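S.K.: First the structure, then my questions, so here it is.
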Amino acid sequence: MKVETYKIFGYKEKETGLLIAENEDWVLVKHIPVDYVVDGFKLYRKNAIKKRKSKKKEDKIARVLALKNIDTNIPDGFTFTSVIETLQWCENTYGLFEFQDSDATLFYGKLNQSEGTDFCIDTIDADGVIEKEYDYEFSEEEIEIITFETDYFESVRLLMNDQLKKQGQLTKVV
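83 is the number that the numbering used here gives to position 78 of the sequence shown; each next residue is one higher, with no gaps.
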């Protein structure tokens, strides 16, 4: 079990996570927002990481997480693929996705359309309302962090599902 702290280019705060898996482009961690609290998963693009370390503080956190028997398995169905395919997996698994771009702006959404490495999304605001008129095009290269299963992510998902249910558009809860 290995815990690492990451300094991300352009971010003020450092990020800490329990290392789950990595490939040549991405690092998958269970996110540790504070102390010994585990809150969902984060995928960090490696070229957005300025520095990564694992020292005494991280070793202590790893020890506590091991004592808590924190699961270190990769989420069911997850594989390292392209950004668009990862967002599709998140949407198919959870009904939405969350990502941060190179400006550190946070987005919740659903894929609207994609072509090559460019894509458009319908955003989902904090109260779960889907904004279908959002019309900004993203490039895969802009995406630095993809997040899922956090408490806040789950809250937005529940609100979105409740909104869709009220509108009669929810056929199955994801």
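Backbone N, C-alpha and C fix where the C-beta goes; we use that ideal spot for every residue, glycine too. Every value quoted in this text rests on a predicted model; they were computed, and no experiment measured them.
How about G45 and A109: are their beta carbons less than 8 Å apart?
M.R.: The residue labelled residue 45 in the question sits at position 40 within the sequence shown. The residue labelled residue 109 in the question sits at position 104 within the sequence shown. It is not a contact, given that the beta carbons lie outside the stated cut-off.
S.K.: Compute the Euclidean distance between the alpha carbons of T128 and V134, then round it to the nearest angstrom.
M.R.: Residue mapping note: residue 128 aligns to position 123 of the sequence shown, counting from 1. Residue mapping note: residue 134 aligns to position 129 of the sequence shown, counting from 1. For T128 and V134, the distance between alpha carbons rounds to 8 Å.
S.K.: In whole angstroms, what separates the C-alpha of N52 from that of D30?
M.R.: Locating residue 52 in the sequence shown gives position 47, where the first residue counts as 1. Locating residue 30 in the sequence shown gives position 25, where the first residue counts as 1. Here the C-alpha atom of N52 lies approximately 7 Å from the C-alpha atom of D30.
S.K.: Start and end of the alpha helix (DSSP H) containing S59?
M.R.: Taking the sequence shown and counting its residues from 1, one reaches residue 59 at position 54. From DSSP, S59 is part of no alpha helix (DSSP H); its letter is neither H nor E.
S.K.: Can you confirm whether L101, when its beta carbon is compared against all beta carbons of chain B, has any partner nearer than 8 Å?
M.R.: Protein chain content of the structure displayed is limited to a single chain, and chain B is not contained in it.
S.K.: From S119 to N28, what distance separates their C-alpha atoms?
M.R.: Counted from its first residue, the sequence shown places residue 119 at position 114. Counted from its first residue, the sequence shown places residue 28 at position 23. Roughly 24 Å separates the two Cα atoms.
S.K.: Using 8 Å as the threshold, is the C-beta distance between K115 and E96 below it?
M.R.: Counted from its first residue, the sequence shown places residue 115 at position 110. Counted from its first residue, the sequence shown places residue 96 at position 91. With respect to E96, K115 sits close: the two C-beta atoms are nearer than 8 Å.
S.K.: If you draw a straight line from the C-alpha of P38 to the C-alpha of T91, how long is it?
M.R.: Translated into positions along the sequence shown, residue 38 becomes position 33. Translated into positions along the sequence shown, residue 91 becomes position 86. Their backbone Cα atoms lie some 22 Å apart in a straight line.
S.K.: Taking the alpha helix (DSSP H) that Y157 falls in, what are its first and last residues?
M.R.: Residue mapping note: residue 157 aligns to position 152 of the sequence shown, counting from 1. That run of the alpha helix (DSSP H) goes D156 to K171.
S.K.: Tell me which same chain residues have a C-beta within less than 6 Å of the C-beta of H36, skipping the five on either side of it?
M.R.: Position 31 of the sequence shown, counting from 1, holds the residue named residue 36. Here the set comprises G22, D44, G45 and K47.
S.K.: Can you tell me whether DSSP reads Q174 as helix, strand or coil?
M.R.: The residue labelled residue 174 in the question sits at position 169 within the sequence shown. Coil.
S.K.: What are the start and end residues of the alpha helix (DSSP H) that includes E90?
M.R.: What you label residue 90 is simply residue 85 of the sequence shown in a count that begins at 1. Run containing E90: V88 to Y99, per the alpha helix (DSSP H) assignment.
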